[in-house]
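Chains as they are written, first to last, in my numbering: chain Y, 1 to 619; chain F, 1001 to 1351.
Where a beta carbon is used, it is the ideal one built from N, C-alpha and C, also for glycine.
First up is the structure itself, then whatever we jot down about it.
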Amino acid sequence: MKPTDIANPDYFHKVVDCQWACPAHTPVPEYIRLIAQGRYDDAYLINWKSNVFPGILGRTCDRPCEPACRRSRVEEGSPEHRKSHAKPEPVAICRLKRAAADFKGDVKPRMPRPAAQKNGKRIALVGGGPASLTVARDLAPLGYHCEVFERDAKAGGMMRTQIPKFRLPDSVIDEEVGYVLDLGVEFRAGVEIASLREVLGQGFDAVFVGSGAPRGRDLDIPGRNEAAKNIHIGIDWLSSVSFGHVDRIGKRVVVLGGGNTAMDCCRSARRLGGEEVHVVVRSGFEEMKASPWEKEDAMHEGIPIHNYLVPKAFLHEGGKLTGIAFDKVAARYDAKGRRELVPTGEPEVRFACDDVLVAVGQENAFPWIERDLGIEFDKWGMPVVDRVTMASTRPGVFFGGDAAFGPKNIIWAVAHGHDAAISIDKHCRGEDLRQRPPPTFLLVSQKMGIHEWSYDNAIIPDRRHRVPLKDTVIALKSIKVEVELGFDAKLAWSEAQRCLNCDVQTVFADKLCIECDACVDICPMDCITFTGDGDEAELRNRLRAPALNVAQDLYVSGALKTTRVMVKDEDVCLHCGLCAERCPTGAWDMKKSYIEMTHAGGRPRAQPTPRAAAAAAAD
Amino acid sequence: MTYLAKPKLHHPSLPRNALGYTRRDYEGPVSTLCAGCGHDSISAAIIQVFFELAIPPHRVAKLSGIGCSSKTPTYFLGQSHGFNTVHGRMPSVLTGANLANRDLVYLGISGDGDSASIGLGQFAHLMRRGVNMTYIVENNGVYGLTKGQFSATADRGSKSKAGYSNEDEPIDLVMLALTLGATFIARGFSGDKAQLVPLIKAAVQHKGAAIIDVVSPCVAFNNHPGSTKSYDYVRAHNETVNFLDYMPERPAIVDEGAPGSVTTVTLHDGGAIRVRRVAADYDPRRKVAVMSYLEAAREAGEVATGLLFLDESVADLHDAQNTVERPLNALADADLVPGSAALARLNAALR
């Protein structure tokens, strides 16, 4: 194999699984260490810079980082888990983020100021949700005049209208949306854009469309019209609840759909008078789109989830809904592994109910974008958007968030916002949109002394800590009482200790190696092998432990004195540093990689020059 | 040394042996030797051997003397019996233990100082008595604990780290063991586990005195140019005579490579070793030929490694002394007290 190019920022970035999986690439281990040190302000600001809404995301993020977390992989097969048969769990990254937000002090003085001088460029942002606000956050300090058009009275978009208050209190949204608007962003409340042509006619230098996926999918089955009074579209109902237009629901409620919106619907219904709330899904329980923890939270509140039931008809009497009839189905897989839901032929299942909430998906809708503006749409009615630059086919018009590629989540909206902001800045400067700024990539040794490392490398066997919850009886009494109490400082510290510090990288200098085997012998996870070179597929099978997780790279050195090479499987490395600790020549070193995405107008920070002696040793 | 404990976590695919143990179950606490010490590699090889042979750790007794090498039994087989003797006295304590309980697997760990200087007399008698044990000399040619003086195995003309040249003739423990009647003699290199692990495996299964002289570089005091026991020197001058494959049961005869290049030797326990010859016509069963080969290699400055000598025909100490079959701690009163009739018979015989 070719020796690994560790100068490429992507190599070590990929080793930091959580950061690599995060759409905004937040430097997770860095802020977790800061939380452990009680430096909550610093932890918050790292987050704020990267994902703009740490307090909001710390409660609601879809957390792609957690399934990627190495912690669950390394615990697989550990003596403790063999005994308990419990599933290994990742570090509670998301809830640690909230801890940083909860415990921070006044961070306002450390945030950018409104630009002292405007640069004369005007940017229109359609929709006041996370995508638009991120664009504004990145561009306003650079001197751009950002105008955010929002149909509601307050900014926040779906974060405010669709996420129930018992998960995300208004105060948190107000604070973090406020940080953005305070940067000198012009917020145009209560303005619903009816024509993009009109916006384009107002002489903006660029337009960003962050209008979300505002239309809930309906369910057109018999009885829909007759019983319409008691059938509600999930996201519309949630926003009515959010604005206080709706404060009651029937005693018996059925929620149709298996996504996170369905989970928000059923839990909200439980708080508004729903005593018997059922969730019914077409697919199997495992295949539901809702995140496992959201299903868990719903079931914790006494809401059963029924699966493999396809809605057949709304039952009604005298214009009033009385129930729903379902066909029972079973999953069958064809030769290509595609799933098909086949009726089992069993008698139909009926649920009696007073109200139905339909949460079977969301759609984008762009009736306000004229089709002759040079913005191309595909056959599904979605705009054609470049995945890197977020540009539409009309120069100067950009998309992001759910408006770009359909419903995703907040953290993706933020990532789109950063990318669009870079593009808008380049567009306004007349630069090539495709030239993207490289990230900041710093690699610094963590060795402090003979046995001293600047990070806590003792591996803690602790299991994941649960976030304390409000007592269910109290929680279910109000739509506004926040259910999750968040980690206290002590729990946050304990959970932070579970982090393996995957950003502290094992860096190997082949010229210094004397092939004494000390690192091979000490490595608790059998990650390191010295062996003859070969091609990757073959090499993966003849390491000390087979490297079967091909999503994880092999770190391969140049040829050593004996013509062998060092091969390290990154998959289950604990980053404990024992290889470096037992290396007599310093061929192994633990170096912290700090990778930070470069946002609009920014420049990557330069690697600090090592001292002359250290540089000579590395040669 | 290292302050950090080795985490208990292990690779998800870590194999288990017939007893249900993983290799990690045969480890001891983390080593306090210098980072990169060859001795740690030998410890890792021993762990590998006992794991692969699926020997219950509590059936092993590991004995050692004094020195860097003699510290190492702490770092492997944490669940086995251990004894740190007075300097150079491991052979007599081990002989005694072996006489008392012949059922344990005996592992003697020593160094060049412990065996070739202060313990040379003890070493000689253990070999000539044919005590059933595996004697591993972790040989680095230097007194590491006292900062790098030449030991008795340092080659004439080799340089110390301080720049002095050694003017004394070295003691070659392999040659000595040959003349003293050891029945399994091998030399290995700590930097080559692929060779060392099968050697130790075969030695453990051999019935009689087995000695492996393992060249084990001292990273702190004897790994510099001019040393003949450095990683670089041994790699450059390693004259491997053969490779071993140890097989727990007698295998079907497989022909490998050129005719005559593979010899299968059956051990007392029914297991077998397959010796793949590297040096032409090297036969570890012909003592005189072995001696002249080794002498020639020494003159050429080469380090001959592999299984150097093997004799499966000699009785061990217990057979020679016609001792009781069972360990002493398993003998009951009935075995030990013959009774007054027997005493009367004995007294009558002496009248």
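query: Near residue 214/Y, what residues of its chain come up, given a Cβ to Cβ distance below 7 Å and the 5 sequence neighbours on each side ignored?; result: 365
query: Excluding the 5 residues preceding and the 5 following residue 1146/F in the sequence, name in chain order all residues of the same chain whose CB lies nearer than 7 Å to its CB.; result: none
query: Among residues of its own chain, excluding the 5 on either side of residue 400/Y, which ones have a beta-carbon nearer than 6 Å to its beta-carbon?; result: 131, 210, 390, 416, 417 and 420
query: Taking only the alpha-carbon atoms, compute the straight-line gap between residue 438/Y and residue 596/Y and give it to the nearest angstrom.; result: 9 Å
query: Residues in the same chain with beta-carbon distance under 6 Å from residue 1254/F, minus the five sequence neighbours each way, listed in chain order, please.; result: Any reading at residue 1254/F is ruled out, since the residue's pLDDT is 40, under 50, leaving its predicted position unreliable.
query: Look up residue 1238/F in the DSSP assignment and say whether it is helix, strand or coil.; result: strand
query: Check the Cβ of residue 1003/F against every Cβ in chain Y and list those closer than 7 Å, keeping chain order.; result: 451
query: Starting from residue 86/Y, find everything on chain F with Cβ-Cβ shorter than 9 Å and list it in chain order.; result: Within chain F, no residue comes near residue 86/Y; the closest Cβ sits about 15 Å away, beyond 9 Å.
query: Step through the CB atoms of chain A and report whether any lies within less than 8 Å of the CB of residue 559/Y.; result: Of the chains in the structure shown, none is chain A; the protein chains are Y and F.
query: When the Cβ atoms of the segment 480 to 498 of chain Y are set against those of the segment 554 to 563 of chain Y, are three or more pairs found closer than 8 Å?; result: no
query: Rounded to the nearest angstrom, what separates residue 435/Y and residue 602/Y at their Cα positions?; result: 14 Å
query: Given a cut-off of 8 Å on the beta-carbon distance, is the pair residue 158/Y and residue 129/Y in contact?; result: yes
query: If you drop the 5 nearest sequence neighbours on each side, which residues of the same chain put their C-beta closer than 7 Å to that of residue 423/Y?; result: 389, 390, 391, 398 and 433
query: Of the choices 26/Y, 251/Y and 314/Y, whose alpha-carbon is the least far from that of residue 271/Y?; result: 251/Y
query: Using a beta-carbon distance below 8 Å, is residue 1068/F in contact with chain Y?; result: no
query: Where do the ends of the alpha helix (DSSP H) carrying residue 414/Y lie?; result: 410 to 429
query: Would you kindly report the start and end of the unbroken beta strand (DSSP E) that includes residue 1175/F?; result: Unbroken run through residue 1175/F is the alpha helix (DSSP H), 1173 to 1180; no beta strand (DSSP E).
query: Please classify residue 629/Y: is it buried, with 16 or more other beta-carbons within 10 angstroms of its beta-carbon, or exposed?; result: Residue 629/Y lies beyond the range of chain Y shown here (1 to 619); nothing can be said about it.
query: Suppose only complete runs of 4+ residues qualify. What are the alpha helix (DSSP H) ranges in the segment 157 to 205 of chain Y, listed by chain order?; result: 158 to 161, 170 to 181 and 196 to 200
query: Listing by chain order, which chain F residues have their CB less than 8 Å from the CB of residue 562/Y?; result: 1235
query: Tell whether a beta-carbon distance below 8 Å holds between residue 1125/F and residue 1170/F.; result: no
query: Classify residue 1062/F: buried if its beta carbon has 16 or more other beta carbons within 10 angstroms, exposed otherwise.; result: buried
query: Would you report the Cα separation of residue 1078/F and residue 1343/F, rounded to the nearest angstrom?; result: 46 Å
query: Less than 8 Å between the CB atoms is what I'm expecting for residue 556/Y and residue 3/Y, so what's the real figure, rounded?; result: 6 Å
query: Taking just the CA atoms, how far does residue 524/Y sit from residue 92/Y?; result: 24 Å
query: Chain F partners of residue 521/Y, CB-CB under 8 Å?; result: 1040, 1041, 1043 and 1044
query: Using 8 Å as the Cβ pair cut-off and three pairs as the minimum, do the segment 1082 to 1100 of chain F and the segment 1034 to 1049 of chain F touch?; result: no
query: Does the beta carbon of residue 576/Y come closer than 8 Å to any beta carbon on chain F?; result: yes
query: Going along chain Y in order, which residues have a C-beta closer than 8 Å to the C-beta of residue 1147/F?; result: Residues of chain Y passing the Cβ test: none, with the nearest at roughly 16 Å.
query: Taking DSSP as the reference, what is the three-state secondary structure of residue 48/Y?; result: helix
query: Could you tell me whether the Cβ atoms of residue 94/Y and residue 64/Y are closer together than 8 Å?; result: no
query: For the 8 Å Cβ check, are there 3 or more pairs between the segment 1218 to 1237 of chain F and the segment 512 to 524 of chain Y?; result: yes
query: Kindly list, in the order they appear in chain Y, the residues whose Cβ is closer than 8 Å to that of residue 1034/F.; result: 584
query: If we ignore side chains and look at the alpha-carbon of each, how far apart do residue 293/Y and residue 467/Y end up?; result: 12 Å
query: Measuring only the C-alpha atoms, how far is residue 1260/F from residue 1288/F?; result: In this prediction, residue 1260/F has a pLDDT of 48, which is less than 50 and means its spatial position is unreliable; what the coordinates show is noted afterwards. Rounded to the nearest angstrom, the two C-alpha atoms are 20 Å apart.
query: Is any beta-carbon of chain F found at less than 8 Å from that of residue 525/Y?; result: yes
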